[in-house]
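In terms of numbering that gives the first Met the number 0, the sequence shown opens at residue 0 and continues consecutively. Where is the CB? At the ideal position from N, CA and C, for every residue including glycine. For clarity, every value in this text was computed on a predicted model and none was experimentally measured.
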Amino acid sequence: MPRVLIVSHPEVIVDPDIPVTDWRLSGSGRQKAERFAMSDRIANVTHVWSSTETKARETARIITRPRDLPISFDDRLCENDRRATGFLPPVLFEAAANAFFAEPGASFRGWETAFDAQARIVQAVRDIAEHHVSGDVAVVTHGAVGTLLYCHLQGLTIDRAHDQPGQGHYWSADLMTLRPDHGWIPMS
């Protein structure tokens, strides 16, 4: 049975002077993606889709390289829109993320709501699955929207308890039903 793998980018270089959407993978994040690219977990992947954010594009390119896989990009796979606040130091970001998940219909200081981000990524993944021809497909995205997608497909209320425990994780689902097989698993 063909699968869809939902992959979150691994660790990034945090730079408050660069927009979050332009952050790049760190050395350790790059190494983690390279190990994942060589793993059996993606041996049956025939196409990779990616968010247009730099860290996701870099991850997708690393994943496609060993098998020379085709890659496509979709803005709907991007992380929840947080441009309204820009960079937030870790303590403030964690509080903001908690609010984002706790009140999915409310906008945290101008952020995209969790409900809106969820609807966007659910439709994107449905479209990808519907048009995928053969083999598995990998979707490189981000932790929050990957969690929102997981909650929707599992019929769960949006809750940060289902979020990945760090960057660089994946979960898989049946390509036809989009029913997840498991929650987030570390890339390596």
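Other residues of its chain near residue i: CB distance less than 7 Å, five sequence neighbours each side excluded
i, result
"Val-19", "Arg-81, Phe-86"
"Thr-178", "Note on identity: in this sequence residue 178 is Arg, with Thr being the wrong assignment. So the qualifying residues of the chain are Leu-152, Ala-172."
"Asp-74", "Thr-51"
"Ile-122", "According to the sequence provided, residue 122 is Gln. The question's Ile does not apply to it. Closer than 7 Å at the Cβ level, and outside the excluded window around Gln-122, lie Arg-75."
C-alpha distance - residue i paired with residue j, whole-angstrom precision
i, j, result
"Ala-59", "Gly-104", "31 Å"
"Trp-110", "Lys-54", "20 Å"
"His-34", "Arg-2", "It is Arg, not His, that sits at residue 34 in the sequence shown. Cα to Cα, the separation comes out at about 20 Å."
"His-8", "Thr-176", "24 Å"
"Ile-12", "His-141", "15 Å"
"Asp-126", "Ala-95", "30 Å"
"Asp-39", "Cys-150", "26 Å"
"Asp-21", "Ser-106", "23 Å"
"Ala-116", "Asn-79", "6 Å"
"Ala-32", "Met-186", "7 Å"
Outcome for residue i when other beta-carbon atoms lying within 10 angstroms are tallied against a minimum of 16
i, result
"Glu-93", "exposed"
"His-130", "exposed"
"His-181", "exposed"
"Asp-135", "buried"
"Ala-42", "exposed"
"Thr-63", "buried"
"Arg-97", "In the sequence as presented, Arg is not what sits at residue 97; that position holds Asn. Answer is exposed; the Cβ neighbour count stays below 16."
"Leu-91", "exposed"
"Arg-66", "exposed"
"Ile-61", "buried"
"Arg-108", "exposed"
"Ile-17", "exposed"
"Ala-113", "buried"
"Leu-174", "buried"
Residues of its chain near residue i, where Cβ-Cβ distance is below 6 Å and the 5 sequence neighbours each way are ignored
i, result
"Glu-10", "Ser-25, Ser-27, Gly-28, Gln-166"
"Thr-146", "His-161, Asp-162"
"Val-6", "Ala-137, Val-139, Tyr-169"
"Phe-72", "Ser-49, Thr-51"
"Leu-4", "Ala-137, Tyr-169, Ser-171"
"Thr-84", "Arg-108"
Residue of the options minimising C-alpha distance to residue i
i, options, result
"Thr-45", "Ala-128, Ser-106, Pro-185", "Ala-128"
"Met-0", "Gly-142, Pro-164, Arg-66, Ser-133", "Ser-133"
"Pro-15", "Pro-89, Asp-39, Ser-38", "Pro-89"
"Val-68", "Ala-36, Ile-120, Ala-101, Arg-119", "It should be pointed out that residue 68 corresponds to Leu in this sequence rather than to Val. Nearest option by C-alpha distance: Ala-36."
"Arg-188", "Phe-114, Arg-56, Asn-79", "Here the chain comprises residues numbered 0 to 187, so residue 188 is not present and cannot be evaluated."
"Pro-164", "Ala-101, Trp-183, Leu-148, Ala-32", "Trp-183"
"Thr-156", "Cys-77, Gln-30, Ile-70, Ala-101", "Ala-101"
"Val-47", "Gln-30, Val-124, Phe-99", "Val-124"
"Arg-119", "Pro-185, Cys-77, Phe-99, Ser-187", "Cys-77"
request  = Just list the alpha helix (DSSP H) runs in the stretch 135-161, keeping only unbroken ones of 4 residues or longer that don't cross its boundaries, in chain order.
outcome  = 142-153
inquiry  = Please give me, in chain order, every unbroken run of the alpha helix (DSSP H) with length at least 4 that falls completely inside the stretch 25-61.
reply    = 26-36
task = Go through the stretch 77-104 residue by residue and report every complete run of the beta strand (DSSP E) that reaches 3 residues or more, in order.
result = none
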